[in-house]
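Input: a single structure, listed below in structure tokens.
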């Protein structure tokens, strides 16, 4: 009995650890330089939150420690650091964060906490009282590779699509069925000769996902990518649930991590594909950071991200997700 119990506990710890790692990677992609790792082994992190990124008036640092039981059965341990945050104002903000946890037990909540704090700071900045001076934050710029930028694809007649990109050529010989949604392409990120680029299209059904993928694979550069990782989320109004799926395309667990980012951002009715052209040097965990950064950048640019209140409502809904096979890098 004891060994069986220990086995179940180990399995739970492994699952929690994976969910924590996915959330940490997503937060780093979403917030960039505002997100800081204090102790990676102890899972202690800090994020600097302001009412306005360009001209901050009120700023607060949220420090969190993720216990082994989070997000399953325990909340993050947190500390609010700001010299102006005192008394009832601190108590009210703490109560708001704890209420968010209670409403979303078992779910990842760091994004909701950060955006709740940001909302409080924005409301505070709109009051007449002056705020402390804060130095302007320098924006992090992605490395651009002009030769890898692809122009946006206009809507064209697209064709049925098989399960593999190798079948895309055969698919072009089939009867045209519907127009492809417009496809946008993000700015590439290059690191150690590997290049990552995101592609985005609005979709409202799985058939459109196939149509967009077929259209993308008509581009020889995209079709020749080492990996084309993708994930999509489609909101079903009648059932008030999400239909979602993802694909690694040989990049270990990348599709699931990309889908997790999209869940945290609460995007809907969109397909994101991230192409990676492998440059011969293993990037380790950095490859997931670049995949998420590419995806996050294009989702923000195309205004698919939602307010945190809507994200909170969406958490906990039933989802349809296909489990991907685990594969190794390159």
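In this note's numbering, the protein residues as written are 1090 to 1419. Built from N, CA and C at the ideal position, the CB exists for glycine as well. Just so you know, these numbers come straight off a predicted model, no measurement behind them.
Residue i to residue j, Cα distance in whole Å?
i, j, result
"residue 1347", "residue 1320", "6 angstroms"
"residue 1106", "residue 1268", "42 angstroms"
"residue 1223", "residue 1140", "With a pLDDT of 40 at residue 1223, under the threshold of 50, the modelled position of this residue cannot be trusted; read the value that follows with caution. Looking at the two C-alpha atoms, the distance is approximately 11 angstroms."
"residue 1180", "residue 1155", "21 angstroms"
"residue 1341", "residue 1189", "32 angstroms"
"residue 1128", "residue 1270", "44 angstroms"
"residue 1365", "residue 1173", "45 angstroms"
"residue 1116", "residue 1356", "15 angstroms"
"residue 1134", "residue 1184", "21 angstroms"
"residue 1203", "residue 1119", "11 angstroms"
"residue 1296", "residue 1323", "11 angstroms"
"residue 1137", "residue 1309", "42 angstroms"
"residue 1294", "residue 1387", "21 angstroms"
"residue 1313", "residue 1307", "10 angstroms"
"residue 1390", "residue 1384", "10 angstroms"
"residue 1175", "residue 1186", "16 angstroms"
"residue 1125", "residue 1276", "24 angstroms"
"residue 1121", "residue 1327", "37 angstroms"
"residue 1235", "residue 1350", "Residue placement at residue 1235 is poorly supported in this model, since its pLDDT is 31, which falls under 50; the coordinates still yield a value, given next. Rounded to whole angstroms, residue 1235 to residue 1350 spans 27 angstroms at the Cα level."
"residue 1352", "residue 1182", "25 angstroms"
"residue 1178", "residue 1163", "25 angstroms"
"residue 1274", "residue 1329", "30 angstroms"
"residue 1216", "residue 1286", "42 angstroms"
"residue 1191", "residue 1362", "34 angstroms"
Would a C-beta distance cut-off of 8 angstroms place residue i and residue j closer than the cut-off?
i, j, result
"residue 1159", "residue 1109", "yes"
"residue 1382", "residue 1272", "no"
"residue 1199", "residue 1123", "no"
"residue 1288", "residue 1305", "yes"
"residue 1343", "residue 1370", "no"
"residue 1318", "residue 1338", "yes"
"residue 1280", "residue 1372", "yes"
Short of 6 angstroms in beta carbon distance, which residues of its chain neighbour residue i, apart from the five on each side in sequence? Order them along the chain.
i, result
"residue 1170", "1150"
"residue 1168", "1152"
"residue 1166", "1154"
"residue 1290", "1270, 1272, 1301 and 1360"
"residue 1311", "1305 and 1364"
"residue 1147", "1140, 1210, 1213, 1214 and 1220"
"residue 1207", "1138"
"residue 1393", "1356 and 1359"
In its own chain, which residues sit with a C-beta less than 7 angstroms from the C-beta of residue i, not counting the 5 before and 5 after it?
i, result
"residue 1298", "1292, 1321 and 1360"
"residue 1132", "1109, 1154 and 1155"
"residue 1114", "1346, 1377, 1378 and 1381"
"residue 1336", "1318, 1319, 1344 and 1413"
"residue 1375", "1280"
"residue 1205", "1185, 1186, 1189 and 1397"
Tell me, please, which residues DSSP counts as bridged to residue i.
i, result
"residue 1137", "1150"
"residue 1364", "1286 and 1317"
"residue 1291", "1359"
"residue 1279", "1284"
"residue 1119", "BP columns for residue 1119 are empty, so no partner."
"residue 1125", "1135"
"residue 1273", "1289"
Return the chain-ordered list of same chain residues with a C-beta closer than 8 angstroms to the C-beta of residue i, the five sequence neighbours on each side being excluded.
i, result
"residue 1130", "none"
"residue 1325", "1331 and 1332"
*Unbroken alpha helix (DSSP H) runs of length 4 or more, entirely within the stretch 1165–1218: which are they?*
1176–1192 and 1199–1214
*What runs of the beta strand (DSSP E), each 3 residues or longer, lie entirely inside the stretch 1295–1330?*
1316–1325
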